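Basically my numbering = 1-based index in the sequence shown + 7.
Yeah, the Cβ is synthetic: ideal placement off N, Cα and C, and Gly gets one too.
From a predicted model like this one, the values you see are computed outputs, not experimental measurements.
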Amino acid sequence: MLELLGVTKVYRGGKRAVDEVTMRLGTGLVGLLGPNGAGKSSLMRITATITRPTSGRLLFEGADVVAAPNRLRRVLGYLPQDFGVYPHLTGREFLTYLAAVKGLSASSARRRIDELLALVNLTEAAKRPLRTYSGGMLRRVGIAQALLNDPRVLIVDEPTAGLDPEERIRFRDLLSDLAGDRLVLLSTHIVSDIESVATEIAILARGRLYCHTTPEGLLESTRGWVWQAEVNVNDIAELRTRFRVSRAMRTASGVRVRLLSPTPPFPGAVPVPPDLEDAYLKVIHAPHPHAAATEGVRR
């Protein structure tokens, strides 16, 4: 459905925010994972046709989006990281205004807004001014506005930033439900946002695509790299200089550490199954992107 071919974005001063990214994306939830400053938001803005790439191509169903963006825009929903609202409008008034901007008729807008308010669990709050909404409620308004035109491609940038754990879970489940018959591209630096819902995971670091695979494929690539051991608390600092420590938890007898190493790190360390956080750390600290990263996941 959506193809990024060698997409690069260079800002003034020579900063290369996105560097030769190639991905092929179809229906499902694709988690774009990477640390802050990795280039995720720049890539999302390019994909949402907000900014143009310096070089490379963006295709939607074979058509060049950079040359003719309207074909994608007609079926696109976008929730940016910094989503602004008019605080004195009610939730319903705000969605009605945006529906008019998107060209929906008054009758179609009413029906669609009723559906979306129910979907994001805001029906009872629809007549309240947006200034009274919590952060989680505002993010749900953001998703509702992105869905007004029933998009086939939904792009959401760091949607759980600032949400409490309960709101994060609710938002994650909502996006998972939406991905059943459309492409949802979700960027985040929080592994737990996508570990139970993503059908594909793309990892971006330093502007480069380090991998694009399924969660199962990512875990398999980390098998044999994860070790666990009980160590003295005074040894933690030294271990961090030698290994990538993914977790350290205090116990009654010391500290239980979980670390990455291609071989047994020291006597007493035992191999354990990897989780996605282990796999993510292994990938972003690799010296170079995997050679297969540019191939993407073919549908």
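- prompt: Taking C-beta to C-beta, are T61 and P76 nearer than 9 Å?
  reply: Taking 9 Å as the Cβ cut-off, T61 and P76 do not qualify as a contacting pair.
Close Cβ partners of A135 (< 7 Å) along its chain, the five nearest in sequence each way excluded: The residue asked about is misnamed: residue 135 is Arg in this sequence, not Ala. For R135, where only same-chain residues beyond five positions count, the Cβ hits under 7 Å are T97 and G98.
message: Pop quiz: I211 and L39 are said to be a contact at Cβ under 8 Å. What is the actual Cβ separation, rounded to whole angstroms?
response: The sequence as given places Leu at residue 211; Ile does not occur at that position. Confirmed, Cβ separation roughly 6 Å.
field: Contact under 9 Å by Cβ, E27 with V14
entry: It is a contact, given that the beta carbons lie within the stated cut-off.
- request: Pick out whichever of L137, E207 and V163 has its Cα sitting closest to the Cα of G222.
  value: It is Pro, not Gly, that sits at residue 222 in the sequence shown. For the residues L137, E207 and V163, the minimum Cα distance to P222 belongs to E207.
message: For a test of the three-state rule: what should DSSP assign to P87, helix, strand or coil?
response: coil
Range covered by the beta strand (DSSP E) that runs through I208: E207 to A212
field: Cα-Cα separation, V238 to G261
entry: 6 Å
- request: Determine the closest residue to R263 out of P269, S253 and G63, with distance taken between C-alpha atoms.
  value: S253
- prompt: Who are the Cβ neighbours of L123 in its own chain at under 6 Å, not counting the five residues just before and after it?
  reply: Counting only Cβ-Cβ distances below 6 Å, and skipping sequence neighbours, we find A151 and L154.
- prompt: Looking at the structure shown, is P158 part of a helix, part of a strand, or coil, going by DSSP?
  reply: coil
field: Three-way DSSP call (helix, strand, coil) for A186 in this model
entry: coil
- request: Closer than 8 Å by C-beta to A286: which residues in its own chain qualify, once you throw out the five before and the five after it? Chain order, please.
  value: L225, L226, S228 and T229
- request: Check the DSSP bridge columns for V277 and list the partner residues they point to.
  value: Q235
L105: first and last residue of the uninterrupted alpha helix (DSSP H) it sits in: G98 to V108
- prompt: Among Y104, R19, C218 and D164, which one has its Cα closest to the Cα of S48?
  reply: D164
query: Less than 9 Å separating the beta-carbons of A70 and R59?
result: No, these two residues do not count as a Cβ contact at 9 Å.
- request: Tell me whether D180 is buried or exposed, calling it buried when 16 or more other Cβ atoms sit within 10 Å of its Cβ.
  value: By the 16-neighbour rule on beta-carbons within 10 angstroms, D180 is exposed.
- prompt: Opposite S194 in the DSSP bridges: which residues?
  reply: L39 and D164
field: Of the listed residues D200, R80, A113 and V191, nearest to G169 (C-alpha basis)
entry: D200
message: Let's see if you can read the secondary structure: which residues bound the beta strand (DSSP E) around K16?
response: L9 to V17
query: The beta strand (DSSP E) spanning A255 covers which residue range?
result: R251 to T258
message: Rounding to the nearest angstrom, what Cα-Cα distance links R177 and D282 in this structure?
response: 22 Å
query: Going by alpha carbons, who is nearest to V37 out of G20, L266 and M8?
result: M8
message: So within the stretch 30-75, which uninterrupted beta strand (DSSP E) runs reach at least 3 residues, ignoring any that extend past its ends?
response: The stretch 30-75 contains these whole beta strand (DSSP E) runs: 35-40 and 62-67.
field: Nearest-angstrom Cα separation, counted from G33 out to E68
entry: 10 Å
- request: Have a look at N128, D242 and R118 and flag the residue whose alpha-carbon is nearest the alpha-carbon of L145.
  value: N128
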